[in-house]
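According to full-length UniProt numbering, the sequence shown is numbered sequentially starting from 1.
Built from N, CA and C at the ideal position, the CB exists for glycine as well.
Just so it is clear, the structure is predicted and the values come from calculations on it, not from any experiment.
Scroll down for the structure; my scribbles are underneath it.
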Amino acid sequence: MPRRKTLRPLCTDSCAFCLKLDDNPLLGNFTNNGELKLHTNCIFAASGLSQEKEEGTTDEDYIEGFHIDAIKREIRRGRSLICSYCRNPGACVGCVIKSCPCTFHLPCVSKAKGITIFSSTFPSYCRRHVPKQ
1 MPRRKTLRPL
11 CTDSCAFCLK
21 LDDNPLLGNF
31 TNNGELKLHT
41 NCIFAASGLS
51 QEKEEGTTDE
61 DYIEGFHIDA
71 IKREIRRGRS
81 LICSYCRNPG
91 ACVGCVIKSC
101 PCTFHLPCVS
111 KAKGITIFSS
121 TFPSYCRRHV
131 PKQ
């Protein structure tokens, strides 16, 4: 029987969504409220999150307008989702096509030849569903 991958703790020095340490323009700047460390674009691209407050609102209850409790729930939800590219847990970015089972970490979307559109609701598409131009 194959070994299950160990789930990483909710908070580490890396982004709680993509598990990367680097500052990368694709991932956005790091946001750290003392409890969670996250890339801003990873927050926006996470499929299970909806922005509740004005863009950029960060205080004791919100990061970039997303409620901290909702972010924590999304991180926990992602732990059961295996990335279609790297096969590690924590894949909170899903293909926007409802019937598509593909999920990714934000940096894995482009590696898998999919795209994330950085506007509006930050929709992501796997390579099979990338819009044709």
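Where residue i sits in the DSSP three-state scheme
i	result
Ser110	helix
Leu10	Confidence at Leu10 is low in this model, with a pLDDT of 48, below 50, so its placement is unreliable and the value that follows should be read with caution. Coil at Leu10, not helix or strand.
Distance, residue j Cα to residue i Cα
i	j	result
Ala112	Asn32	28 Å
Ser47	Val93	5 Å
Glu60	Phe17	20 Å
Gly28	Arg76	21 Å
Pro123	Phe104	12 Å
Lys20	Phe44	16 Å
Tyr85	Val109	8 Å
Neighbourhood of residue i by C-beta distance below 8 Å, restricted to the same chain and skipping five residues each side
i	result
Lys37	Cys11, Thr12, Asp13, Ser14, Cys15, Ala16, Phe30 and Thr31
Beta-carbon proximity list for residue i, same chain, < 7 Å, skipping 5 on both sides
i	result
Arg127	Ala112, Lys113 and Gly114
Are at least three pairs of beta-carbons, each pair with one atom in the segment 78-92 and one in the segment 57-66, less than 8 Å apart? no
Which ranges would you report for the beta strand (DSSP E) in the UniProt domain "PHD-type" (12-130) if only whole runs of at least 3 residues count? 30-32 and 37-39
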